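Colleague:
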Amino acid sequence: MIRWNEGLWALLVLLSAVLMACGLADTFTFIVEPPTYPVGHRLVLLGALGFAGAAAWVWLRGGALWVKVLTALPAVVVGGLALQFEDGGWGWLTGLVLIPAALAAMLSHLLAYDPRPRTA
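For what it's worth, this note's numbering labels the leading residue of the sequence shown as -10, then goes sequentially.
Here it is as structure tokens:
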């Protein structure tokens, strides 16, 4: 059974993934800058902010180290590349790998979550 705070964290991760993926889709171009580019860039940055918030949340609530890292990586790498190289394709390529990795970490954290306190 999933507790409400873990469910809210999962919703934050899902919302961040959707925002970032939609933003990356809006900014995708080969030659000509699309008219939705500024909106897409803002969506990528909002998704990065959401992933950073989700990473801070899982860091404070406690979780496996790899869940913390995989939740924070889209915020740091994709968001950082969106700020540094606005017209580069590196953000899209890293988003193809890191967004599904963050979603897989979220799903495995939810399935492995044990609400009982651990005793040593």
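Glycine residues also receive a C-beta, built at the ideal position from the N, C-alpha and C atoms.
As the structure is a computational prediction, the values presented were derived from the model and not from experiment.
1) Do you know how far the Cα of E22 is from the Cα of V117?
2) Using 8 Å as the threshold, is the C-beta distance between F74 and A61 below it?
3) Count the CB pairs spanning the region 9 to 28 and the region 43 to 50 that are closer than 8 Å, and state whether there are at least three.
4) Mind checking whether G80 and V65 have CB atoms under 8 Å apart?
5) Go ahead and pull the three-state DSSP assignment for P23.
6) What does the alpha-carbon distance come out to for the pair V28 and L1?
7) So, A91 versus V33, is the Cβ gap smaller than 8 Å?
8) From P63 to R31, what does the alpha carbon distance come to, in whole angstroms?
9) Assuming W55 contacts A101 under a Cβ cut-off of 8 Å, what Cβ separation, rounded to an integer in Å, is found between them?
10) Look at the Cβ atom of M114, then the Cβ atom of G42, and state whether they are nearer than 8 Å.
11) Tell whether a beta-carbon distance below 8 Å holds between L99 and A(-1).
12) Could you say which of I20, S5, I88 and L38 lies nearest to G77 if we only look at CA atoms?
Modeller: According to the data block:
1) This structure gives no information on residue 117, because the portion of the chain shown stretches from -10 to 109.
2) Here residue 74 is taken as the residue at index 85 of the sequence shown, counted from 1. Here residue 61 is taken as the residue at index 72 of the sequence shown, counted from 1. Against a cut-off of 8 Å, the Cβ pair of A61 and F74 comes out as no contact.
3) no
4) Within the sequence shown, residue 80 is the residue found at index 91, counting from 1. Within the sequence shown, residue 65 is the residue found at index 76, counting from 1. For G80 and V65, no; Cβs fall outside 8 Å.
5) Start at 1 with the first residue of the sequence shown, and residue 23 comes out as number 34. It is coil, neither helix nor strand.
6) Numbered from its first residue, the sequence shown carries residue 28 at position 39. Numbered from its first residue, the sequence shown carries residue 1 at position 12. V28 and L1: Cα-Cα distance of roughly 20 Å.
7) On the sequence shown, position 102 is the one that residue 91 refers to. On the sequence shown, position 44 is the one that residue 33 refers to. For A91 and V33, no; Cβs fall outside 8 Å.
8) Locating residue 63 in the sequence shown gives position 74, where the first residue counts as 1. Locating residue 31 in the sequence shown gives position 42, where the first residue counts as 1. Their Cα atoms are separated by approximately 15 Å.
9) Translated into the one-based positions of the sequence shown, residue 55 becomes position 66. Translated into the one-based positions of the sequence shown, residue 101 becomes position 112. Not quite, the Cβ-Cβ distance comes to about 11 Å (not below 8 Å), so this is no contact.
10) As shown, the chain starts at -10 and ends at 109. That puts residue 114 outside it, with no answer to give.
11) Numbered from 1 along the sequence shown, position 110 holds the residue referred to as residue 99. Numbered from 1 along the sequence shown, position 10 holds the residue referred to as residue -1. A contact, by the Cβ cut-off of 8 Å.
12) Taking the first residue of the sequence shown as 1, we reach residue 77 at position 88. Among I20, S5, I88 and L38, the Cα nearest to that of G77 belongs to I20.
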